[in-house]
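Q: Counting along the sequence shown from 1, when you hit position 626 you're at 627 in this note's numbering, and nothing is skipped either side.
Backbone N, C-alpha and C define an ideal beta-carbon position, used for all residues, glycine too.
For clarity, every value in this text was computed on a predicted model and none was experimentally measured.
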Amino acid sequence: MASSDSERHTEEAAENKSNKQLKDRKFSWAKLHRVDSLNLEAGKVSNSAAGHGSKADWRTILSLAFQSVGVIYGDIGTSPLYVYASTFTDKIGHKDDILGVLSLIIYTIILVPMTKYVFIVLWANDNGDGGAFALYSLVCRYAKVSLIPNQEPEDRELSHYNLELPSNQFRRAQKIRHNLEKSKLAKIFLVFVAILGTSMVIGDGVLTPCISVLSAVSGIKPLGQEAIVGVSIAILVALFCVQRLGTDKVGYTFAPAICIWFLFISGIGLYNLFKYDVSVLRAFNPKYIIDYFKRNGTKGWMSLGGVFLCITGSEAMFADLGHFSVRSIQLSFSCLVFPALLSAYSGQAAYLSKFPEDVENTFYASIPDPLYWPTFVVAVAAAIIASQAMISGTFSIVAQAQGLGCFPRVKVIHTSAKHEGQVYIPELNYFLMIACVLVTLSFKTTEKLGHAYGIAVVTAEIITTNMVTLVMLVIWKISIWWITLFYVVYFSIESTYFSAQLTKFTQGGYLPLAFSAVLVIIMGTWHYAQKLRYQFELNNKVSSEYVRDLANNPDIKRVPGIGLLYSELVQGIPPIFPHFVNNIPSVHSVIVLVSIKSIPISKVALQERFLFRHVEPREYNVFRCVVRLGYKDQLGDTEDFENQLVEQLNEFIRHEHYILAADQQVITDGEIVPPVSGQLVSGKSSRVHMEEDLQRQVDSRVSSTGSIRSMNTPAAQSNRSSSRIQMVSPNLEEEEMQFVKKAKGQGVFYLLGEAEVVARQDASFLKKAFVNYGYNFLRKNFRQGDKAMAIPQTRLLRVGMTYEL
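(1) Hey, how far is the Cα of PRO513 from the Cα of ASP205?
(2) What are the start and end residues of the beta strand (DSSP E) that includes ILE592?
(3) Assuming SER87 contacts LEU310 under a Cβ cut-off of 8 Å, what Cβ separation, rounded to an integer in Å, is found between them?
(4) Considering only DSSP beta bridges, list what GLY754 is partnered with.
(5) Residue range of the beta strand (DSSP E) that VAL628 falls in?
(6) If you draw a straight line from the C-alpha of GLU755 to the C-alpha of GLY801, how long is it?
(7) Would you report the Cα separation of SER590 and ARG619, rounded to the nearest angstrom?
(8) To which residues of the same chain is ARG796 closer than 8 Å at the C-beta, ignoring the five residues directly before and after it?
(9) If you reduce the DSSP assignment to three classes, tell me which class GLU805 lands in.
(10) DSSP three-state call for GLY231: helix, strand or coil?
(11) Determine the DSSP secondary structure at ILE73, reduced to helix, strand or coil.
(12) Check whether the segment 186-199 touches the segment 355-372, taking contact to mean three or more Cβ pairs, one atom from each stretch, closer than 8 Å.
(13) CA-CA distance, ASN1 and GLU182?
(14) Rounded to a whole number of angstroms, what is the C-alpha to C-alpha distance between SER333 and VAL472?
(15) Opposite VAL749 in the DSSP bridges: which residues?
(16) Do LEU450 and CYS211 have their beta-carbon atoms positioned less than 8 Å apart in this structure?
(17) When the distance is taken between beta carbons, is ASN297 closer than 8 Å to ASP98?
(18) Secondary structure at TYR83, three-state DSSP: helix, strand or coil?
(19) Can you say whether TRP527 is buried or exposed, counting buried as having 16 or more other CB atoms within 10 angstroms of its CB?
(20) Between LEU520 and ILE203, is the Cβ-Cβ spacing less than 8 Å?
(21) Taking the alpha carbon of PRO561 as the point to measure from, which residue in SER304, LYS745, TYR373 and PHE294 has its own alpha carbon closest?
(22) In chain order, what residues of the same chain lie with their CB nearer than 8 Å to the CB of SER587, ignoring the 5 residues before and after it?
(23) Where do the ends of the beta strand (DSSP E) carrying LEU767 lie?
(24) Using a 10 Å radius around the Cβ and a threshold of 16 neighbouring Cβ atoms, would you call LEU486 buried or exposed?
(25) Quick check: the segment 593-609 against the segment 626-642, are at least 3 beta-carbon pairs closer than 8 Å?
(26) ILE189: which of CYS141, SER213, VAL214 and SER233 sits nearest, CA to CA?
(27) By Cβ distance below 6 Å, which residues in the same chain neighbour THR79 in space, the five residues on each side in sequence not counted?
(28) Looking at the unbroken alpha helix (DSSP H) that takes in LEU612, where does it start and where does it end?
(29) Using the Cβ count rule (16 or more neighbours within 10 Å means buried), how would you classify GLN572?
(30) Give me whichever residues DSSP pairs with TYR425 in a beta bridge.
(31) Distance, Cα to Cα, PRO371 vs ASP634?
(32) Quick one: what's SER1 bridged to in DSSP?
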């Protein structure tokens, strides 16, 4: 008896669990229908888990750490070649000045690359990606500050969105978020800061190769300055030619040389330290910094421009994060780079304490004679590799900027199947190469290049400090005292260095600022015009009634195949659609209105990428589709994209019919029911409306296809039960899927609108200049839409239209 009761309780528990699961599923189905965001998009969103680089196994982390040595640290690792020479430009005035400068170097390295970047900034990544635009995309996810208003409710359900709204306990974060969303000036300022930061990193990508290679090649004593410049240019050209191999191969190739370099500079540093003056380690006492400034005053402040060069390349750790991972960078910097740099600078200080007259060539002068030429060879190799850090970082952030609509279209090639963030941009690579050659020819010496170099680096670091502080306020929501401490400490340090760098403005410091100004104009013009263009389409979108009228128009012919009409609009039907129909009075048997939408995250899972919605009347086979891409995602080749789209469309059809049948089951149980129209209603009063809506779809579909005629008999019409609709639904589902499959077999055709963008007649002169000349010049000289999406010309149809913005 006890056994029987136990079994009964077990069965009841199992049944209750099953009922609970069913109710949970019904709730999730209702949730899917609750939002209709086609004028707010609607669709199926899966709950797949997001991957993250921080969860990688230790073998992968160690492999990436090894690669990162060859890609990221060449810049900061070769700084010992020129830091003391750039700091003591007028010889060493007092012996204790060496201790003061060494103390400045030690604490600058500890505070900026080690503490700020390795242990704080790297965690402000966007699903594993770093850089100014990664920070901007983070802020855009948590606050609606994007200038292009294409956010949708479903975006927050994406696996990689990882969005956690501020709780009531953190009203500070909510208040800041609301103020940002209400202020147009704040939105413009944020995108400007992201663009400026990107411009500075690109400028850094030009100057780093020049100064690194020049400083290494200058160790060849017999060569004159012109010969050094010539050899440097040859090395630079070769460096940019190997970029197409990808970060993976370049990293594995360069990493051994950089590892040897760090072993050389740390070994030579320790040798000099113990041979000449181990007492220089007193510089760990920050008192020597205070004494240095007391003794030298303004001269000491101006020398900070040279001291700052010891941390050039710190921003590369963040910009290149997408190529590696947080743990791998933390491991490689803490265990190899940091101790090697401290040894190198301490050793050079010990040497200078005995031979202060050798300050102009400290590094090479301090090398023991038997190691001179081996060290020179490794130094040249390391200098070449030093360039790699900012080149890779430049590729990453430009790809991010393009994904967020802030850079004209360029070809982005993913060079590694194993590591998502490793990209190569051919056009940018050759642009950087030409710029490096011209800068090297113009400046010729590392001293002049150092003046330009420092301004670009410190500006990028100041922007990162400000953006990370905003992330702390809005997203991390940590104690205001920690945020204040972070901001005050790092903004004070970097502002001091920036002020010192500005003293070199006329001596070469103008170059990165001029370079950045040009890039800001290009990127700002592109983003501004893209915003106006999107706003025009949004204001002129077509009512869904247009498709109903189209379905009833006998003059419009249906041609076989699937037609993909591209538009940037994610809400409603784009104005280019009726323009196509007016010029070509026919439409394909299946029409998909495709919108390629950039999501402010790095990657969207494939099963979440396509968001579909029927456009009524259902039997006309017109669908809306939003293809959601993170700023690192690519559409892939044409065949893959077509297969993915049709597969996801069929999945949408299957899921939609499944929900219709499930909704009818909910009705029979007297549960809360979402009708097909998309509004959530409850109780038995919804049953008649629901069944009539379903029956209208069934009858319409049956009459249009001429099949399942028995469903139109009077007896069948008088019995609209759930079992009947569940019987019809699989038939309609299979029929609709077969129809789509047949259409794909007849061909997939691409419809693109050639929108000529012009400013209105009454627009301001400045707006006309940006839109009519600036934006259109960029459109004509960068990749067109069909090139960027790899659309085959044999299946492409274009129709022109003018947008007056």
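A: In this structure, then:
(1) Taking the straight line joining both Cα atoms gives about 8 Å.
(2) Looking at the DSSP string, the run of the beta strand (DSSP E) that includes ILE592 is 587-599.
(3) About 6 Å separates the beta carbons of SER87 and LEU310, which is inside the 8 Å limit, making them a contact pair.
(4) BP columns for GLY754 point to VAL800.
(5) 623-630 is the extent of the beta strand (DSSP E) around VAL628.
(6) Looking at the two C-alpha atoms, the distance is approximately 4 Å.
(7) Spanning the alpha carbons of SER590 and ARG619 requires a straight line of approximately 13 Å.
(8) The answer, listed in chain order, is GLY748, VAL749, PHE750 and TYR751.
(9) Three-state DSSP puts GLU805 in a strand.
(10) Three-state DSSP puts GLY231 in a helix.
(11) The answer is coil: DSSP assigns ILE73 none of H, G, I, E or B.
(12) By the C-beta criterion, the segment 186-199 is judged not to be in contact with the segment 355-372, since fewer than 3 inter-stretch pairs fall below 8 Å.
(13) Outside the displayed span of the chain (2 to 806) sits residue 1, for which this structure offers no information.
(14) Distance between the alpha carbons of SER333 and VAL472 is about 26 Å.
(15) Answer is ILE563, bridged to VAL749.
(16) LEU450 is positioned such that its CB atom lies closer than 8 Å to that of CYS211.
(17) Yes. Within cutoff.
(18) Note: TYR83 maps to coil in three-state DSSP.
(19) Within 10 angstroms of the beta-carbon of TRP527 lie 16 or more other beta-carbons, which makes it buried.
(20) At a Cβ-Cβ threshold of 8 Å, LEU520 and ILE203 count as neighbours.
(21) Nearest C-alpha to PRO561: LYS745.
(22) For SER587, same chain residues with a beta-carbon under 8 Å away, outside a window of 5 residues either side, are ILE557, LYS558, ARG559 and VAL560 in chain order.
(23) Per DSSP, LEU767 belongs to no beta strand (DSSP E); it is in the alpha helix (DSSP H), 766-769.
(24) Burial call: exposed.
(25) Judged by pairs of C-beta atoms under 8 Å, the segment 626-642 touches the segment 593-609, as three or more such pairs exist.
(26) For ILE189, the nearest C-alpha among the options comes from CYS141.
(27) Excluding its 5 nearest sequence neighbours in each direction, THR79 has C-beta neighbours in its own chain below 6 Å: SER213, ALA383, ALA384 and ALA387, listed in chain order.
(28) According to the DSSP assignment, LEU612 belongs to no alpha helix (DSSP H) but to the beta strand (DSSP E) extending over 611-616.
(29) Counting other Cβ atoms within 10 Å of its Cβ, GLN572 reaches 16 or more and is therefore classed as buried.
(30) Looking at the DSSP assignment, TYR425 forms a beta bridge with ILE414.
(31) Each residue's Cα considered, the two are about 51 Å apart.
(32) Beyond the ends of the chain as shown, which are 2 and 806, falls residue 1; an answer cannot be given.
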